[in-house]
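Engineer: Numbering (this note's numbering), first residue to last: 12 to 416.
I'd like to ask you about the structure that follows.
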């Protein structure tokens, strides 16, 4: 049974194992039952003050195994090792693959740090079996990874470790949950990335994960806490008194509703005395839509998101206002729009720079002034049609950080 592992620059992945049955020897060919891979044992032994090589490990012993594994992605903590020539009938009971419930895209602040981010995630994943990641790319932010986490705390821990231990500047997209979508052709798919959201005309129904939240609060704040739960689409609330002045509010609500500002608002209305915990319960029907953000009528893929229809407009307006503040002015007017399909639900406008073309006129016929203004207007319209909007990276950082906060 593989219960831990770490990476060595010279020998690759070093496994920490317990032998449950039989004997494991040097030069044996072993098979990983969950990942379905074969490797030859190069070295094994005991863990003492240093690695102490031995010829074999027997049943009941705990030791290390070096099998020439060069990538941490090839193994899983909790996997069962068996011999190829004498395989075990079934894996060791108790292994259960972690299920990710929160998803977010991670990009390096500088494209030069992409390789460093890859190595850092490799090293974190070997000691954190719950972390999953796959390559992702954005037209605005370049190459990155789409990562899966057990929850918001897990996401914050990974972000903190990447920045503190590996000194990598990060841009992290707004977190999302995994939706289950039933299509009209009878198929059912899981979607955690707005880029993969199917055409609305093909969707029959959709469900989203719900949680049972447990909120501990002083008695005087119970009213605002229950109102906060209702604002976040809570289905039901019950109360349990823990003492004369402290009680527990139990509420069932969508997981997606607590990903953004719920915890911060809870701390504010309870003056820091409230605490929050939750457990996932089930999937329930929902009316979720995909919102695209257009800058000068061009979609920005990084800022697309999935949200309940009732919450679509306020969040789209927040995105548009944040972008309008972060994007510098151009020579032409820049519309920033939030759209669902072809319908605009929110808009902000960045006004252009304007030169006073009539400054050199000192009297005369008014038609001369109008002619210059009309010429300027036509030039602005042509510039808007063919001009490119440069969106600085700090604009994405400001929007996404504000969205997570």
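Using N, Cα and C, we set each Cβ at its ideal position, and we do this for glycine too.
Where residue 185 and residue 257 are concerned, what is the direct C-alpha to C-alpha distance, given to the nearest angstrom?
Structural biologist: Roughly 34 Å separates the two Cα atoms.
Engineer: How is the alpha helix (DSSP H) around residue 273 delimited, first residue to last?
Structural biologist: 273 to 280
Engineer: For residue 195, which of helix, strand or coil comes out of DSSP?
Structural biologist: coil
Engineer: Please classify residue 406: is it buried, with 16 or more other beta-carbons within 10 angstroms of its beta-carbon, or exposed?
Structural biologist: By the 10 Å Cβ count, residue 406 comes out buried.
Engineer: Within a Cβ cutoff of 7 Å, which residues of the same chain sit near residue 356, ignoring the five residues on either side of it in sequence?
Structural biologist: 323, 324, 327, 349, 350
Engineer: Hey, would you say residue 56 sits closer than 8 Å to residue 28, going by beta carbons?
Structural biologist: Inclusion of residue 56 and residue 28 in the CB contact set at 8 Å is not warranted, their separation being larger than that value.
Engineer: Taking the C-alpha atoms as reference points, what is the distance between residue 402 and residue 232?
Structural biologist: When only Cα atoms are considered, residue 402 and residue 232 end up about 43 Å apart.
Engineer: Can you pull the DSSP bridge partners for residue 156?
Structural biologist: 117, 146.
Engineer: Where does residue 31 land, buried or exposed, given buried means 16+ other C-beta within 10 angstroms?
Structural biologist: It is exposed - the Cβ of residue 31 has fewer than 16 other Cβ atoms within 10 Å.
Engineer: Under 8 Å between the Cβ atoms of residue 218 and residue 174?
Structural biologist: no
Engineer: Mind checking which residues open and close the beta strand (DSSP E) that includes residue 402?
Structural biologist: Premise fails: residue 402 is in no beta strand (DSSP E) and is neither H nor E.
Engineer: Does DSSP classify residue 179 as helix, strand or coil?
Structural biologist: coil
Engineer: Of the residues 196, 220, 167, which one's Cα is nearest the Cα of residue 202?
Structural biologist: 220
Engineer: Would you be able to state if there are at least three C-beta pairs under 8 Å between the segment 280 to 288 and the segment 223 to 232?
Structural biologist: Pairwise C-beta distances place the segment 223 to 232 in contact with the segment 280 to 288, as three or more of them are shorter than 8 Å.
Engineer: Could you tell me which residues DSSP pairs with residue 348 in its beta bridges?
Structural biologist: 305, 358
Engineer: Within the chosen definition, does the segment 252 to 266 reach the segment 300 to 316 through at least 3 CB pairs nearer than 8 Å?
Structural biologist: As far as the Cβ criterion goes, the segment 252 to 266 does not touch the segment 300 to 316, which means the pair count is below three.
Engineer: Just verifying my parser: in three-state terms, what is the DSSP assignment at residue 333?
Structural biologist: In the structure shown, residue 333 sits in a helix (DSSP, three-state: H, G or I).
Engineer: So residue 80 and residue 86 are supposed to be a Cβ contact under 8 Å. How far apart are they, rounded?
Structural biologist: 6 Å
Engineer: Measure the Cβ-Cβ separation of residue 94 and residue 137 and say whether it is below 8 Å.
Structural biologist: no
Engineer: To which residues of the same chain is residue 127 closer than 8 Å at the C-beta, ignoring the five residues directly before and after it?
Structural biologist: 119, 177, 179
Engineer: Closer than 6 Å by C-beta to residue 289: which residues in its own chain qualify, once you throw out the five before and the five after it? Chain order, please.
Structural biologist: 222, 224
Engineer: Please name the residue or residues paired with residue 211 in a DSSP beta bridge.
Structural biologist: Paired residues: none, contrary to the question.
Engineer: When you compare only the Cα positions, how much space is there between residue 254 and residue 285?
Structural biologist: 15 Å
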